[in-house]
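Chemist:
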Amino acid sequence: MLNGLWLGFFVVAMVSALAQWLVGGNAGIFAAMVESIFAMAKLSVEVMVLLFGTLTLWLGFLRIAEKAGIVDWLAKALGPLFRRLMPEVPAGHPAIGLITLNFAANGLGLDNAATPIGLKAMKALQELNPIPNTASNAQILFLVLNASSLTLLPVTIFMYRAQQGAADPTLVFLPILLATSASTLVGLLSVAVMQRLRLWDPVVLAYLIPGALILGGFMALLATLSATALAGLSSILGNLTLFGLIMLFLVIGALRKVKVYEAFVEGAKEGFDVAKNLLPYLVAMLCAVGVLRASGALDFGLEGIRHVVAWTGMDTRFVDALPTAMVKPFSGSAARAMLIETMQTQGVDSFPALVAATIQGSTETTFYVLAVYFGSVGIQRARHAVGCALLAEFAGVVAAIAVCYWFFG
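When the letters of the sequence shown are read in order and numbered with the UniProt record's numbering, they come out as residues 1 to 409.
#1: Taking residue 419 as the reference, which of 220, 142 and 214 has the closest Cα?
#2: Could you tell me which whole alpha helix (DSSP H) segments of length 4 or greater appear in the segment 184-254?
#3: Compute the beta-carbon to beta-carbon distance between residue 362 and residue 180, rounded to the nearest angstrom, for a pair I have assumed lies under 8 Å.
#4: For residue 318, collect the residues of the same chain with a Cβ closer than 6 Å to its Cβ; drop the 5 residues on either side in sequence, then sort them by chain order.
#5: Am I right that residue 393 and residue 147 are in contact with their C-beta atoms under 8 Å? What's the rounded C-beta distance?
#6: Roughly how many whole angstroms lie between the Cα atoms of residue 214 and residue 291?
#7: Just the Cα atoms here: how many angstroms apart are residue 321 and residue 25?
#8: Please report the straight-line C-alpha distance between residue 240 and residue 297, rounded to a whole angstrom.
#9: What whole-angstrom Cβ distance do residue 265 and residue 60 have, given they're in contact under 8 Å?
#10: For the structure I just gave you, are there three or more beta carbon pairs, one from the segment 84-101 and one from the segment 119-134, closer than 8 Å?
#11: On the DSSP letters alone, give me the boundaries of the alpha helix (DSSP H) that residue 161 sits inside.
#12: Counting along the chain, where does the alpha helix (DSSP H) carrying residue 131 start and finish?
#13: Since residue 242 and residue 170 are thought to touch, with beta carbons under 8 Å apart, how far apart are those beta carbons, to the nearest angstrom?
#14: To the nearest angstrom, report how far apart residue 64 and residue 257 are at their CA atoms.
#15: Given a threshold of 16 other Cβ atoms within 10 Å of its Cβ, counted over all protein chains shown, does residue 43 qualify as buried or as exposed?
#16: If you measure between the beta carbons of residue 89 and residue 128, is that distance less than 8 Å?
#17: With 16 as the cutoff for other CB atoms within 10 Å, does residue 381 come out buried or exposed?
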């Protein structure tokens, strides 16, 4: 899938360049494409330097949380809920702890670090699977919730915005939180319908109703604020949550007699190993996207979509953010490249860049997750996993666009 996508970028760029040269007489198009390749290769290294620091930092703090027992506490707290949603998983099974840790990494926006943990969780669930080549209900629910990308603290999005010179990298904190909540809710409801899960079970309601009330009350409060106040609140809450979480991990770790510095270094080493493997993918995708933009093919496609949107009478400013949404189900690295490229060409705090950042933070690489997670345990029949995951993905994109018009429109 990624081979075809990556090769397709270059083939489309070549066809577009030949058309501009032979039909439009633009002989300088090839020089622009070559220049774009080298410029994007340089940008990849610049982004990678900050990504090294971000993943190293947060996996260090996540290791403190593990050793302090915070993850185990979360597993126990969520145990009753998972026992209702995943009735085939026995109480106290290791899969519950791994699922919780995976959600914690996803919640912090550490998508690359969450993958190894998620693979361990999928293998633990496979041990309980009565039909090894067919996805179990528990595996489907785990995968769809994973693909819905519940991101409570999108630190990597903050990092990309900071690297591109954003005055306030956390400006998209609240939009991402609202959009990712929508995608996760749709993912959960779609799986519940397909699996006939009893969401009206008293225990399930005891978890879902307070969360829904808090989110609903919070949105009602936001509805009373102006666009300027919304942006300011998003900034304050983003920075406060970020630093508050760090202090929470450190204080609880210290109280539990954890050697916090040694634990941080241990986790940071893992973060370094995770980050260093990302550079080849980042270079490959950024260069492909740069060539596609320089050839004029990307602009041509977006103009076509823009005319259709304008014909319906809708505002067209979100169209420039759609490349991120269109490639996100297939490749995280391609979507990351599209996001960075949008920031470069449109401006880091432009409306399309803010929409693209929100989409990136509230959606997941659905087909990649399906291929990697199910492929790792030999599952061939995905059943309703694909449909439910894509529905959650679509809900996240629509919610991201709507929320950004609310906050920044």
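Built from N, CA and C at the ideal position, the CB exists for glycine as well.
If you're wondering where the values come from, they're calculated on a predicted model, not measured in any experiment.
Modeler: Result, derived from the coordinates:
#1: Outside the shown range of the chain (1 to 409) lies residue 419, about which nothing can therefore be said.
#2: 202-222
#3: Within the sequence shown, residue 362 is the residue found at index 362, counting from 1. Within the sequence shown, residue 180 is the residue found at index 180, counting from 1. For a cut-off of 8 Å, the C-beta gap from residue 362 to residue 180 is around 4 Å, short enough to register as a contact.
#4: The sequence position of residue 318 within the sequence shown is 318, counting from 1. The answer, listed in chain order, is 355 and 401.
#5: Here the question's residue 393 lines up with position 393 in the sequence shown. Here the question's residue 147 lines up with position 147 in the sequence shown. Correct: roughly 7 Å between the Cβ atoms.
#6: Translated into positions along the sequence shown, residue 214 becomes position 214. Translated into positions along the sequence shown, residue 291 becomes position 291. So the alpha carbons of these two residues sit roughly 46 Å apart.
#7: Stepping through the sequence shown from its first residue, residue 321 is reached at position 321. Stepping through the sequence shown from its first residue, residue 25 is reached at position 25. Cα to Cα, the separation comes out at about 30 Å.
#8: As a first step, residue 240 must be located in the sequence shown, where it is residue number 240. As a first step, residue 297 must be located in the sequence shown, where it is residue number 297. When rounded, the separation of the alpha-carbon atoms in residue 240 and residue 297 is 42 Å.
#9: Position 265 of the sequence shown, counted from the start, is the residue given in the question as residue 265. Position 60 of the sequence shown, counted from the start, is the residue given in the question as residue 60. Confirmed, Cβ separation roughly 7 Å.
#10: yes
#11: Walking along the sequence shown from the start, residue 161 turns up at place 161. In this chain, the alpha helix (DSSP H) harbouring residue 161 covers 155-163.
#12: As a working note, residue 131 is residue 131 in the sequence shown. For residue 131, there is no enclosing alpha helix (DSSP H), as DSSP gives it neither H nor E.
#13: Residue numbering aside, residue 242 sits at position 242 when the sequence shown is read from its first letter. Residue numbering aside, residue 170 sits at position 170 when the sequence shown is read from its first letter. Here residue 242 really is in contact with residue 170; their C-beta atoms are around 7 Å apart, less than 8 Å.
#14: On the sequence shown, position 64 is the one that residue 64 refers to. On the sequence shown, position 257 is the one that residue 257 refers to. Cα to Cα, the separation comes out at about 11 Å.
#15: Mapped onto the sequence shown, residue 43 falls at position 43. Note on residue 43: 16 or more other CB atoms within 10 angstroms of its CB, so buried under the neighbour-count rule.
#16: Position 89 of the sequence shown, counting from 1, holds the residue named residue 89. Position 128 of the sequence shown, counting from 1, holds the residue named residue 128. Closer than 8 Å, so yes.
#17: In the sequence shown, counting from the first residue as 1, residue 381 sits at position 381. Taking a 10 Å sphere around the C-beta of residue 381, we find fewer than 16 other C-beta atoms and assign the residue as exposed.
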